[in-house]
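Take a look at the structure below.
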């Protein structure tokens, strides 16, 4: 590292410029990683909060939460199966709704069974189940102006819901805020007639024989395929039932592609710099070779220089990314930067940068020591 350190000290401006570029690329990659995680969370935060290992859908080739309907015998079959810790029916319907002052909102209404383990903890108000039409709302809706005691009217079905509690965190699916309701109220709104049962009458029992999915917590070794065949369902593990949310897969793919392009840009920028730097130092490298330095010594020295430059750039970019995280912590910007996301981005950037450096410093092996004597190859 003797030559590398002297180069860094001699050409400060040049290395600061390239280090700044590396820092900017690092900042962009880390910010994009945080935004991608934030977008994913904004899409599936409700699913992420489920204490489930699997979810059973109606059997179909392309399961999603909007086109699945599970009958009573299916979820009761899962509840009675061996090796099932938890099997709870869960309702999901997307509604256009309006508040009592006429403000339109689009929501995902979730129906929860009594004493459900899915029931969220409220930070203000009452828990679910205290009132027949009482619902618990996501924090996003509270931030938009809804408060405890407000009435929400579902379009088309004209079902009235009263806010009785607020969840601490944002709970969304498909980028829609979730409202948690008692399962029977969800079934009335989803499968019953507009406005509910006529005065003096009750809804037929068949209305309450359907839900959207079955939330499962399975023991190890359960034969999922056999149970699916028996109950006519399609059971998906955590990653798969995340992907069943609208837009999830396309969002992840789009952001991953942008990240890959940034890694490639990082490798190209660093590789181009060291390639030009090597060309400019051709005579100096030839002189060092004439004095007896080996190719391996010079390559190791150049890669050490690249490592220091890339590491410093990544650390500076990471520091600015952490400051950015603090600034947007309490805003509506979907941003989530966890330790594994940050570490993964830093390692990927380091690898991309070193790949670019390796491709460029290979020129060192082709430098002829005779250049040091002032002769032309």
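In this note's numbering, the protein residues as written are 623 to 999.
Ideal Cβ placement from N, Cα and C applies to all residues, glycine included.
Computed from a predicted model, the values in this text were never measured in an experiment.
Contact annotation: residue 664 and residue 797 have beta-carbon atoms nearer than 7 Å. Here residue 677 is not near residue 867, since their CB atoms are 7 Å or more apart.
Taking every protein chain shown into account, the CB of residue 955 has fewer than 16 other CB atoms within 10 angstroms, so this residue is exposed.
By the Cβ rule, the stretch 854 to 868 does not count as touching the stretch 742 to 752, because fewer than three pairs are nearer than 8 Å.
Using a C-beta cut-off of 8 Å, the stretch 814 to 825 makes no contact with the stretch 849 to 857, since fewer than three inter-stretch Cβ pairs fall below that distance.
Secondary structure note for residue 871: its alpha helix (DSSP H) is the uninterrupted segment 870 to 902. Secondary structure in the stretch 915 to 975: the alpha helix (DSSP H) runs of 4 residues or longer, each lying completely within the stretch, are 917 to 949 in chain order. Around the C-beta of residue 952, fewer than 16 other C-beta atoms lie within 10 Å, and the residue is accordingly described as exposed. Residue 671 sits in coil when the DSSP states are folded into three classes, being neither helix nor strand.
Its Cα nearest to that of residue 725, the residue 776 stands out among 761, 776, 659 and 829. Within 10 angstroms of the beta-carbon of residue 695 lie fewer than 16 other beta-carbons, which makes it exposed.
Per DSSP, residue 681 is not a residue of any alpha helix (DSSP H), being assigned neither H nor E. In the DSSP assignment, residue 733 falls within the unbroken beta strand (DSSP E) covering 726 to 734.
A distance below 6 Å between beta-carbons, with the five flanking residues on each side excluded, links residue 861 to no residue of its chain. Counting along the chain, no alpha helix (DSSP H) covers residue 858; the unbroken beta strand (DSSP E) around it starts and ends at 855 to 859. Between the alpha carbons of residue 888 and residue 982 lies a gap of roughly 13 Å. For the set 923, 778 and 709, the Cα lying nearest the Cα of residue 679 is the one of 709.
By a beta-carbon distance limit of 8 Å, residue 719 contacts residue 774. Their separation comes to about 5 Å. Distance from the CA atom of residue 930 to the CA atom of residue 882, rounded to whole angstroms, is 23 Å. CA-CA distance, residue 886 to residue 916, rounds to 31 Å. When secondary structure is reduced to three states using DSSP, residue 781 falls in the coil class, being assigned neither helix nor strand. Nearest Cα to residue 813 within the set 833, 822, 672 and 918: 833.
Per DSSP, reduced to three states, the secondary structure at residue 652 is helical. For the pair of segments examined, the stretch 972 to 979 was found not to touch the stretch 686 to 701: the number of CB pairs separated by less than 8 Å stays below three. For the set 912, 736 and 839, the Cα lying nearest the Cα of residue 992 is the one of 912. Residue 858 and residue 902 have their C-alpha atoms spaced approximately 58 Å apart.
Around the beta carbon of residue 697, 16 or more other beta carbons sit within 10 angstroms, so the residue counts as buried.
Under the three-state reduction of DSSP output, residue 712 falls in the strand class.
Contact between residue 713 and residue 699 fails: their C-beta atoms lie close to 18 Å from each other, not under 8 Å.
Per DSSP, the unbroken alpha helix (DSSP H) holding residue 764 starts and ends at 761 to 765. Between residue 742 and residue 945, the alpha-carbon positions lie close to 31 Å from each other.
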